[in-house]
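Undergrad: Everything in the sequence shown is counted per UniProt numbering, starting at 1 for the first residue and increasing by one. Next up is a structure, given as structure tokens.
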Amino acid sequence: MLKTIVTLFCFAAFAITNGLFIRKVETNSDQPSDNWAIEQIRNYGYPVEYYSVQTSDGYILDLFRIPSGRREQGVHQHQQNRPSDISSGQSIENDFQLNSRRQDSYSNTDDQNIRGHTKTQWGSDQDNQNLNQWSSNRNDQDRDRDDQNQDQWSSNKNNGDQWNSGRDNQNQWNPNMDDQNENQWGSNTNDQDKIGSNSKPAVLLVHGLLCSADSFIIGGPSQGLAFVFADNGYDVYLANTRGSKYGLRHTTLNPQSDAAFWRFSSDEIGVKDLPAIMDTIVRVSGQQKIYTVGHLQGNTPLYIMASELPQYHDKIRMLISLSPVAYMGHSMHPMLKYINQHSSSKGWLIKNIGPNNFRPSEEVLNNGGKAECQQTANDKMLCDNLYFLINGYKSRNFNKTLLEKAIQDHYGSTSSRQIIHFAQLAKTGSFARYKPLDDVSQGYSNEQQYDLQKISIPVYLLSASQDYWSSHEDVEKLANRLPNANKIEIQNLDIGLDFLYANNVRQKVYERVVDIIRSN
């Protein structure tokens, strides 16, 4: 009898540790809007938690957490634990129908504390659930990652000053973000991981245009920034902003049928999404200050938040910008240049950019880079992918395996207003608020530009050599505007997407980023 009891006890301990039992706690959400990221993280052997963050204007954003590395979970580094195949391809209509059934629970919840001191195991039962995703570039097969190689990088460093920018005066925001909701799921956690009790430094990763938190995990443990941080002892949080595939929910608005859902630019992401996310992380992690890392256009709202809401300086320890996007007066982006040729025609913009979410016409695609891509790109498969047409395809450094994985799994959406906002920045050379299409005034007033001299936190600007989102001249201008900036140019990187998909990106960039944080 005693032997039987001991055997059952050992089996139960093994099952709980390995996620065989799923224990659900009371929560305001029964699942995130898409499970791809969670499945990838879990199947690589990392613990993962999910939080639902509600902004003051009703957007519901998925926030993922990797509280520790694989070694801390007793998983051997040499173990080959590859992600399982995940079905996909359902439309956004079905995605919204699934999520709209949960809207009442989102909008009627309290905002006291984050629920779930006891956390749910993400286990194998999740593998068979229906995942609702939308993309023209995704199929059902996951491919192995490329093995990493060794390389070096070098940098130039100097100090900076400040920069300016602004916000759409039609949209007001409330800097008090206390009405947000957060719901939490987790795996393989212990008392140290309970809310407010983690002693590890917290790191927030913010994605750019037409992507999501997937950007930082798609490279796997060897080349995914989220995993590099987790394995180096950091408490990692992966943001998802409104309009991304993990940010398509709202308490009242349907992204498929309500134009109001898409009335946002980087302004709202900076003053609504990021503060709500930051507040959540502070409460979950127990850390009063957070390291933040932005990629490409993910840096733009970080600068906006830091300039418009200086109280958040007390919550940011350091801002690291991978391919920073702020000033764009020297941008050679072909699509933004073509849009600016027609920017005086509101009708043309609505027809060719889309009245709500960004849906470029063939005219915009062909004149905005697709035709040139087909003639000059090393990988022609990039030319039919909007994500690469927008963010860059001219690189000598792309890892072929990562590119195929990105095309297969990497997709997203954004608002037309956000694209037009970046076109306005490229046209004027200012870092300013989105200007409504009905505003025919020329240039920006001082009130419309962000006062970036207010940003007192340390900012590290890591740039590539030929990026048409983040040109050398514009990064230099940004560094000279920020009061506490350090500029580093990564040699042997061409464009901003090299910070995600270059060969040996771990050695070229990520290990350096970890060193920067540790040295400060």
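Just so it is clear, CB atoms sit at the ideal spot from N, CA and C, and this is done for glycine as well. Note that this is a predicted model, so its numbers are computed, not measured.
So, for Ser321: in the same chain, excluding its five sequence neighbours on each side, which residues have a beta-carbon less than 6 angstroms away from its beta-carbon?
TA: Closer than 6 angstroms at Cβ, skipping near neighbours: Gly294, Asn299, Leu461.
Undergrad: Starting from the Cα of Gly496, find the closest Cα among Met305, Asn397, Gly58, Thr280 and give me that residue.
TA: Asn397
Undergrad: Per DSSP, what kind of secondary structure is Ala326 in: helix, strand or coil?
TA: coil
Undergrad: CB-CB under 6 angstroms to Asn503, same chain, minus the five flanking residues each way: which ones, in chain order?
TA: Asn397, Asn399
Undergrad: Which residues mark the beginning and the end of the beta strand (DSSP E) in which Asp52 is found?
TA: Here residue 52 turns out to be Ser, not Asp, going by the sequence shown. 49–54 is the span of the beta strand (DSSP E), which, as asked, contains Ser52.
Undergrad: Can you tell me where the beta strand (DSSP E) with residue 544 in it begins and where it stops?
TA: As displayed, the chain neither begins before 1 nor continues past 520, which places residue 544 out of reach and without an answer.
Undergrad: So, with DSSP's three-state summary, where would you put Phe398?
TA: strand
Undergrad: Any C-beta of chain D sitting closer than 8 angstroms to the C-beta of Asn366?
TA: Of the chains in the structure shown, none is chain D; there is only one protein chain.
Undergrad: What's the C-alpha gap between Pro201 and Tyr434?
TA: 34 angstroms
Undergrad: When you compare only the Cα positions, how much space is there between Pro334 and Ala377?
TA: 14 angstroms
Undergrad: In whole angstroms, what is the alpha-carbon distance linking Tyr501 and Asn240?
TA: Taking the straight line joining both Cα atoms gives about 20 angstroms.
Undergrad: For Ile488 and Val206, what's the separation of their Cα atoms in angstroms?
TA: 19 angstroms
Undergrad: Mark Pro360 as exposed unless 16 or more other C-beta atoms lie within 10 angstroms of its C-beta, in which case mark it buried.
TA: Pro360 is buried by the Cβ-count criterion.
Undergrad: Who are Val206's beta bridge partners in DSSP?
TA: Gly294
Undergrad: Using CA atoms only, rank isn't needed, just tell me which of Val513, Leu386, Lys427 is closest to Gly443.
TA: Lys427
Undergrad: Based on the DSSP secondary-structure assignment, which residues constitute the bridge partners of Ser321?
TA: Gly294, Leu461
Undergrad: I think Asn484 touches Ser456, with their Cβ atoms under 8 angstroms apart; what is that distance to the nearest whole Å?
TA: Going by Cβ atoms, the distance from Asn484 to Ser456 rounds to 6 angstroms, so yes, they are a contact pair.
Undergrad: Terminal residues of the continuous alpha helix (DSSP H) containing Tyr411?
TA: Careful: Tyr411 lies outside any alpha helix (DSSP H) and carries neither H nor E.
Undergrad: To the nearest angstrom, how far is it from the Cα of Leu349 to the Cα of Asp57?
TA: 26 angstroms
Undergrad: Suppose only complete runs of 4+ residues qualify. What are the alpha helix (DSSP H) ranges in the region 349–383, listed by chain order?
TA: Counting only runs of 4+ residues, the alpha helix (DSSP H) found wholly inside the region 349–383 occupies 362–365, 371–376, in chain order.
Undergrad: In whole angstroms, give me the CA-to-CA distance for Tyr450 and Met305.
TA: 10 angstroms
Undergrad: Please determine, among Asp279, Ile339, Gln297, the residue with the shortest C-alpha to C-alpha distance to Gln311.
TA: Asp279
Undergrad: Between which two residues does the beta strand (DSSP E) carrying Asp214 extend?
TA: Element bounds for Asp214: n/a, residue is neither H nor E.
Undergrad: Near Gly412, which residues of its chain fall below 6 angstroms by C-beta distance, leaving aside the five closest residues on each side in sequence?
TA: Leu210, Cys211, Ser212, Ser244, Lys245
Undergrad: Assuming Leu382 and Cys373 are in contact, meaning their beta carbons sit under 8 angstroms apart, how far apart are those beta carbons, in whole angstroms?
TA: A Cβ-Cβ separation of about 6 angstroms places Leu382 in contact with Cys373 under the 8 angstroms criterion.
Undergrad: Can you tell which of Met328, Val513, Ser395 has the C-alpha that lies nearest to the C-alpha of Ser470?
TA: Met328
Undergrad: Buried or exposed for Gln341, going by 16 or more other Cβ atoms inside 10 Å?
TA: exposed
Undergrad: Should Ala479 be labelled buried (16 or more other beta-carbon atoms within 10 Å of its own) or exposed?
TA: buried
Undergrad: Classify Leu225 as helix, strand or coil using the three-state DSSP reduction.
TA: Of the three classes helix, strand and coil, the one that applies to Leu225 here is helix, per DSSP.
Undergrad: What does the Cβ neighbour count give for Ala371, buried or exposed, with the cut at 16 atoms within 10 Å?
TA: Under this definition Ala371 is an exposed residue.
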